[in-house]
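Below is one structure, written out as structure tokens, with a few remarks after it.
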Amino acid sequence: MSAIRVLVGTKKGAFILTADGRRQDWQISGPHFAGWEMYHLKGSAADPNRIYASQSSGWFGQIIQRSDDGGRTWNTPGSSPEELQGPGGFPRGESNKFTYAGEAGTHKWYDGTQHPWEFKRVWHIEPSLTDPDTAYAGVEDAAIFKTTDGGRSWQELPGLRQAKGALWQPGAGGMAVHTILLDPKNAKRMYVAISAGGAFRTDDGGQTWKPINRGLKSPYELPDPDAEVGHCVHRIALHPARPEVLFMQKHWDVLRTDNAGEHWTEVSGNLPSDFGFPIDVHAHEPETIYVVPIKSDSEHYPPEGKLRVYRSKTGGQEWEALGNGLPQKDCYVNVLRDAMAVDALEPCGIYFGTTGGQVYCSANGGDSWNAITRDLPGVLSVEVQTLK
Amino acid sequence: MIRVVLPFHLRTLARVAGDEVRLDLAGPVTLGAVLDAVEQQYPVLRGTMRDHGTLKRRPFIRFFVVKEDWSLELADKQLPPEVVDGREPVLIVGAMAGG
Numbered sequence: 002m003s004a005i006r007v008l009v010g011t012k013k014g015a016f017i018l019t020a021d022g023r024r025q026d027w028q029i030s031g032p033h034f035a036g037w038e039m040y041h042l043k044g045s046a047a048d049p050n051r052i053y054a055s056q057s058s059g060w061f062g063q064i065i066q067r068s069d070d071g072g073r074t075w076n077t078p079g080s081s082p083e084e085l086q087g088p089g090g091f092p093r094g095e096s097n098k099f100t101y102a103g104e105a106g107t108h109k110w111y112d113g114t115q116h117p118w119e120f121k122r123v124w125h126i127e128p129s130l131t132d133p134d135t136a137y138a139g140v141e142d143a144a145i146f147k148t149t150d151g152g153r154s155w156q157e158l159p160g161l162r163q164a165k166g167a168l169w170q171p172g173a174g175g176m177a178v179h180t181i182l183l184d185p186k187n188a189k190r191m192y193v194a195i196s197a198g199g200a201f202r203t204d205d206g207g208q209t210w211k212p213i214n215r216g217l218k219s220p221y222e223l224p225d226p227d228a229e230v231g232h233c234v235h236r237i238a239l240h241p242a243r244p245e246v247l248f249m250q251k252h253w254d255v256l257r258t259d260n261a262g263e264h265w266t267e268v269s270g271n272l273p274s275d276f277g278f279p280i281d282v283h284a285h286e287p288e289t290i291y292v293v294p295i296k297s298d299s300e301h302y303p304p305e306g307k308l309r310v311y312r313s314k315t316g317g318q319e320w321e322a323l324g325n326g327l328p329q330k331d332c333y334v335n336v337l338r339d340a341m342a343v344d345a346l347e348p349c350g351i352y353f354g355t356t357g358g359q360v361y362c363s364a365n366g367g368d369s370w371n372a373i374t375r376d377l378p379g380v381l382s383v384e385v386q387t388l389k
Numbered sequence: 273m274i275r276v277v278l279p280f281h282l283r284t285l286a287r288v289a290g291d292e293v294r295l296d297l298a299g300p301v302t303l304g305a306v307l308d309a310v311e312q313q314y315p316v317l318r319g320t321m322r323d324h325g326t327l328k329r330r331p332f333i334r335f336f337v338v339k340e341d342w343s344l345e346l347a348d349k350q351l352p353p354e355v356v357d358g359r360e361p362v363l364i365v366g367a368m369a370g371g
């Protein structure tokens, strides 16, 4: 029977939630890395036992952790007991070394001046679809790094910052590459999203990147609402069967593109608010998408105090509220951009975590919801592994 | 024998039992040499106290030596005799911040 493993990053540690395919009875392990901010954990599609985790602290900086046994044990890559005893001598301790290539340069600061690029943390790790030792890291200040040795060392793909990086600027949460999407049909194509830089695409494996923001409008954030870069893109998502179709939750507005980002069209339709953070796609229905509307950029909680996921079965424009099992009064949590995921079972499971520490699961595509757990630290990220 | 007290999270990260680590230094006993030795013995701590490239102290890390704050001292300044002979430890501390 299939099993589900939910990887939850929180402000005070990581938690691993497991259940069989019925998704009713959950086991919770954790906190792993207690007391640390766990921005993101994600398993390799090529080897589900390989999980990468981003561990960070305002005091002690960035740590990369790796598990090779499905989250039971962890090591900083390059420092396992076996490697410590290896013929190569003691490890170099560089799994957390994220150094920008060449001159780091400057980007736009809050006051419009230029500010030096400074590494702060890894927001998102995206393992390769085919090689467990290869993964990409989206970092703050915004850049993308790549490892090909299982996380022991990381090198920047500097072409991304050459896509008008001097014009990117931090939003309230900082300036980070928070989304990395790998095209399952074209190994050379990737997408990233940056707050606040916009969306970008590479067609040559990360050497060069182009802004793909035509159609985005940001009249309240940018002096030129149609600017080529600088938009505060909160999240983008794709369905593996149609990787040229992307869905976007922007600071304000929900949008889609049908041509790999060459042009975007707003599909906010009848949403009660088109501000929000996460967006995701049903595992088996490429036109079924999910968002969690938030009241506004000034009030980061659900409209009317009702926590509702909105589902569109038409790829946008027409949305229905899904609140069965979710709190429908006095609820003032937020759902962050990396805190929603789907499983690959039938029917498709939808998962999300809140800043209030709840992790919700719907085992029927969003029709009804149950809380897997209610009292974790604030949830920063949720990823799901469907295990055979 | 040089004694160094690490903060809780770095002890956990380095899987150190007890409150402190002990080091043997061959050359001059400076703060920089002590940090080098800690990082050599526990490579996982590289980048957690000082920047990987510049070796600049991370903003919220403090170094206390015999009741004095050495956070702003030069890395090549000689540590006092009480530290050199092991009577007093070097304290690596997470700064008070965040409430």
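Chains as they are written, first to last, in the working numbering: chain A, 2 to 389; chain B, 273 to 371.
Yeah, the Cβ is synthetic: ideal placement off N, Cα and C, and Gly gets one too.
Residues that residue i contacts on chain A, provided the C-beta gap is smaller than 9 Å
i, result
"E311/B", "G94"
Sequence-distant residues of its chain with Cβ nearer than 7 Å to residue i (five each side left out)
i, result
"D227/A", "K218"
"A273/B", "First, the residue type needs correcting, since residue 273/B is Met and not Ala in the sequence shown. Around M273/B: R294, D296 and G358."
"P78/A", "I65, R67, S96, G151, G152 and R153"
"L182/A", "M191, Y192, I237 and L239"
"G304/B", "A347 and D348"
"P279/B", "I364, V365 and G366"
"D204/A", "K189 and R190"
"T149/A", "D134 and T135"
"H301/A", "I295 and N335"
"D308/B", "none"
Three-state secondary structure assigned by DSSP to residue i
i, result
"P315/B", "helix"
"F278/A", "strand"
"F61/A", "coil"
"T289/A", "coil"
"V288/B", "coil"
"G354/A", "strand"
"P226/A", "coil"
"A284/A", "coil"
"G306/A", "helix"
"D331/A", "coil"
"H281/B", "helix"
"G90/A", "Confidence at G90/A is low in this model, with a pLDDT of 48, below 50, so its placement is unreliable and the value that follows should be read with caution. Coil, per DSSP."
"E403/B", "With chain B running from 273 to 371 in the structure shown, residue 403/B is simply not present."
"L323/A", "strand"
"A188/A", "coil"
"P32/A", "strand"
"L239/A", "strand"
"P378/A", "coil"
Close-in-space but distant-in-sequence residues of the same chain around residue i (CB under 6 Å, 5 per side omitted)
i, result
"P241/A", "P185"
"S45/A", "R51, P128 and P133"
"G72/A", "I17 and I52"
"D281/A", "A238, Y291, M341 and V343"
"R1/A", "Chain A is shown only over 2 to 389; residue 1/A falls outside these bounds and no answer can be derived."
"V385/A", "V7, A342, D344 and Y352"
Chain B contact residues for residue i, given Cβ-Cβ distances below 8 Å
i, result
"W60/A", "P279, H281, R330, F332, I333, G366, A367 and A369"
"S313/A", "Near S313/A there are no residues of chain B at all, since even the closest Cβ is about 40 Å away, more than 8 Å."
Per-residue contacts from residue i into chain B (C-beta, under 7 Å)
i, result
"T100/A", "H324 and G325"
"S55/A", "Neighbours of S55/A on chain B: none; closest Cβ ~14 Å, over 7 Å."
Sub-8 Å separation of residue i and residue j beta-carbons
i, j, result
"V316/B", "G277/A", "no"
"Y101/A", "W124/A", "no"
"S55/A", "I145/A", "no"
"W210/A", "L272/A", "no"
"A367/B", "R322/B", "no"
"S369/A", "N335/A", "no"
"P171/A", "A197/A", "yes"
"I213/A", "A143/A", "no"
"D275/A", "D298/A", "no"
"F332/B", "G59/A", "yes"
"A167/A", "T107/A", "yes"
"Q318/A", "G366/A", "no"
"V268/A", "L256/A", "yes"
"K165/A", "E104/A", "no"
"E311/B", "P361/B", "no"
Cβ-based neighbour list, residue i, same chain, cut-off 8 Å, excluding 5 preceding and 5 following
i, result
"D26/A", "A20"
"R330/B", "T320, M321, R322 and D323"
Chain-ordered neighbours of residue i on chain B, where CB pairs are closer than 9 Å
i, result
"N97/A", "V316, R318, G319, T320 and H324"
Any non-hydrogen atom of the ligand GTP closer than 7 Å to residue i Cβ
i, result
"E38/A", "Within the structure as shown, the ligand GTP is missing, as the structure has no ligands at all."
Original post:
Listed in chain order, which residues of the segment 64-77 of chain A have Cβ atoms closer than 8 Å to some Cβ of chain B?
Top reply: Those would be I64 and T77, in chain order.
Subject >> Against chain B: residues of the segment 8-37 of chain A by CB proximity under 9 Å >> reply: Result list: F34, A35, G36 and W37.
Subject >> Members of the segment 285-313 of chain B that neighbour chain A once the beta carbon cut-off is set at 8 Å >> reply: If the cut-off is 8 Å between Cβ atoms, the segment 285-313 of chain B has L285, E311 and Q312 near chain A.
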